[in-house]
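Numbering (full-length UniProt numbering), first residue to last: 1 to 178.
In this text, a Cβ means the ideal position worked out from N, Cα and C, and glycines have one as well.
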Amino acid sequence: MKRIENAASRQVTFSKRRNGLLKKASELSVLCDAEVALIIFSSKGKLFEFASNGISNTIERYKKNSNSQRFDEKAIEEDMQDQRFHMEHLKEKSATLEKKLEIIEVSRRKLLGEGLEMSSIDEMQQVERQLERSLSNIRSRKNQLFKEQIEKLKEKVLYLHQKKKKKEKFVAVIGKHG
1 MKRIENAASR QVTFSKRRNG LLKKASELSV LCDAEVALII FSSKGKLFEF ASNGISNTIE
61 RYKKNSNSQR FDEKAIEEDM QDQRFHMEHL KEKSATLEKK LEIIEVSRRK LLGEGLEMSS
121 IDEMQQVERQ LERSLSNIRS RKNQLFKEQI EKLKEKVLYL HQKKKKKEKF VAVIGKHG
């Protein structure tokens, strides 16, 4: 194994492996109920970190449990880097979710007829198609409900008609005997 010479490839590999390492650390923490702390520094000195119970707490626990071993400052730095990486990962995820939410909000506003002033003809046609699909779905559901209601009313009419015939027969029988 040797250092990747191409800077762009090296950065892509670093990002992918860093994300994989953070994911594995998180999984180890959740699946095995393990206390995990991870610190990563990029080649440019950027810190990435992850800790299931806080970096400081995990480091203190390590210090208490490693009396026979010499605690290395480099290990602390690596843990801090992992925490920073995890924070960066969460920030990226948050930014992605915010963008998705913004897209959904813009779409919702357009469907309500708001904010259409700057829309192109293509965008307006797309909104129109979405509205037509929605309207078609609404009409289909409404028709289904009407059909169900008609069937219930038919059943009720049949029931009342049968009940009326029974009453007429009863009255006829009483009339013959009375």
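Note down, in chain order, each residue of its chain lying with its Cβ closer than 8 angstroms to the Cβ of HIS161, except the 5 sequence neighbours on either side.
-> Here the question's residue 161 lines up with position 161 in the sequence shown. The beta carbon of HIS161 sits closer than 8 angstroms to no other beta carbon from its chain once the five residues preceding and following it are set aside.
Which first and last residues belong to the alpha helix (DSSP H) in which ILE59 is found?
-> Indexing the sequence shown from 1 puts residue 59 at position 59. Where ILE59 is concerned, the enclosing alpha helix (DSSP H) starts and stops at 55-65.
Kindly give me the distance between the Cβ atoms of PHE48 and ARG10, rounded to whole angstroms, as I take these residues to be in contact under 8 angstroms.
-> Taking the sequence shown and counting its residues from 1, one reaches residue 48 at position 48. Taking the sequence shown and counting its residues from 1, one reaches residue 10 at position 10. So it is not a contact: roughly 15 angstroms between Cβ atoms.
Buried or exposed: which applies to ALA25, given that a residue is buried once 16 or more other Cβ atoms fall within 10 Å of its Cβ?
-> Mapped onto the sequence shown, residue 25 falls at position 25. With 16 or more Cβ atoms within 10 Å of its Cβ, ALA25 is classed as buried.
Simplified DSSP state of ALA51, which is helix, strand or coil = Counted from its first residue, the sequence shown places residue 51 at position 51. Three-state result, ALA51: strand.
Proximity below 9 angstroms, CB of ILE40 to CB of GLU78 = Stepping through the sequence shown from its first residue, residue 40 is reached at position 40. Stepping through the sequence shown from its first residue, residue 78 is reached at position 78. The answer is yes: Cβ separation under 9 angstroms.
Bounding residues of the alpha helix (DSSP H) (the contiguous stretch that carries ILE138) = The sequence position of residue 138 within the sequence shown is 138, counting from 1. Counting along the chain, the unbroken alpha helix (DSSP H) around ILE138 starts and ends at 121-177.
Taking only the alpha-carbon atoms, compute the straight-line gap between GLU168 and ILE174 and give it to the nearest angstrom.
-> Residue numbering aside, residue 168 sits at position 168 when the sequence shown is read from its first letter. Residue numbering aside, residue 174 sits at position 174 when the sequence shown is read from its first letter. Approximately 10 angstroms, taken between the alpha carbons.
Would you mind listing the beta strand (DSSP E) stretches within the UniProt domain "MADS-box" (1-54) that are 3+ residues and don't spill past its ends, in chain order?
-> DSSP runs (the beta strand (DSSP E)) wholly in the UniProt domain "MADS-box" (1-54): 37-41, 47-51.
Determine the contact status of LYS110 and GLU98, defining contact as a CB-CB distance below 9 angstroms.
-> Taking the sequence shown and counting its residues from 1, one reaches residue 110 at position 110. Taking the sequence shown and counting its residues from 1, one reaches residue 98 at position 98. No, the Cβ-Cβ distance between LYS110 and GLU98 is not below 9 angstroms.
Tell me whether MET80 sits in a helix, a strand or coil according to DSSP, three-state version.
-> Within the sequence shown, numbered from 1, the residue matching residue 80 stands at position 80. It is helical.
LYS100 versus LYS64 - alpha carbon distance = Within the sequence shown, residue 100 is the residue found at index 100, counting from 1. Within the sequence shown, residue 64 is the residue found at index 64, counting from 1. So the alpha carbons of these two residues sit roughly 45 angstroms apart.
If we count the other Cβ atoms within 10 Å of its Cβ and call it buried at 16 or more, is HIS177 buried or exposed?
-> Numbered from its first residue, the sequence shown carries residue 177 at position 177. HIS177 comes out exposed.
What separation, rounded to the nearest whole angstrom, lies between the Cα atoms of ARG84 and GLY54?
-> Looking up residue 84 in the sequence shown gives position 84. Looking up residue 54 in the sequence shown gives position 54. C-alpha separation (whole angstroms): 11 angstroms.
What did DSSP end up calling LEU97 once you bin it into helix, strand or coil?
-> Within the sequence shown, the letter at position 97 stands for residue 97. Reduced to three states, the DSSP call for LEU97 is helix.
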